[in-house]
Amino acid sequence: MELLVTIAIIAILAAIGTPIYTNNIRVAKNAEAQNTLKTIFLMQKNYFAENYCYYITPGSGDQSTSVNQYLLGSTTPASGPIVVGASNDFFFYISPGTVGSSGSCTGVNSNDYVAYAQSRSDSSLTYSINQQNVKTGF
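Just so you know, the sequence shown maps onto residues 1 to 138 in full-length UniProt numbering.
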């Protein structure tokens, strides 16, 4: 009888604890994506100071390797601060903003940008930040 009571108590604790733990993991991953966008914002300031343009990824979708290599300064695309591949719940890309490319900016550079973090599992969950530090989805 004592064994059944012990098993019942453990089952109740597991039923309560699992959703709380899962929610905490989701919140932490969302915060990590938002912090990465803030890092991209700061690195874009440095990039602009050196190049007089903002870095724009060559496409939308998963451009985390390009962001790692060309903006965040990693030696290889997969070794940067952004975890590359399906193990990361979010992927990142940087698009031109509303002003578009002009002036001395050429190629994949622009005078303004919007950086995105999009969830791999839920495409409606997207965070963004632009050159004026305007955030959406935070």
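Cβ coordinates follow ideal geometry from the N, Cα and C atoms, glycine included. Please read all numbers here as calculations on a predicted model, not as lab measurements.
S124 versus P19: straight-line alpha-carbon distance, rounded: C-alpha of S124 to C-alpha of P19: approximately 22 Å in a straight line.
Enclosing alpha helix (DSSP H) for P19 [first to last residue]: Unbroken alpha helix (DSSP H) run through P19: E2 to N51.
Bounding residues of the beta strand (DSSP E) (the contiguous stretch that carries T91): According to the sequence displayed, residue 91 carries Phe and not Thr. F90 to P96 is the extent of the beta strand (DSSP E) around F91.
Which of helix, strand or coil DSSP assigns to Q63: Coil.
Integer Cβ distance of F91 from A115, believed to fall under 8 Å: About 12 Å separates the two Cβ atoms, so there is no contact after all.
For S128, the residue or residues it bridges with in DSSP: The beta-bridge partner set that DSSP reports for S128 consists of Y116 and T136.
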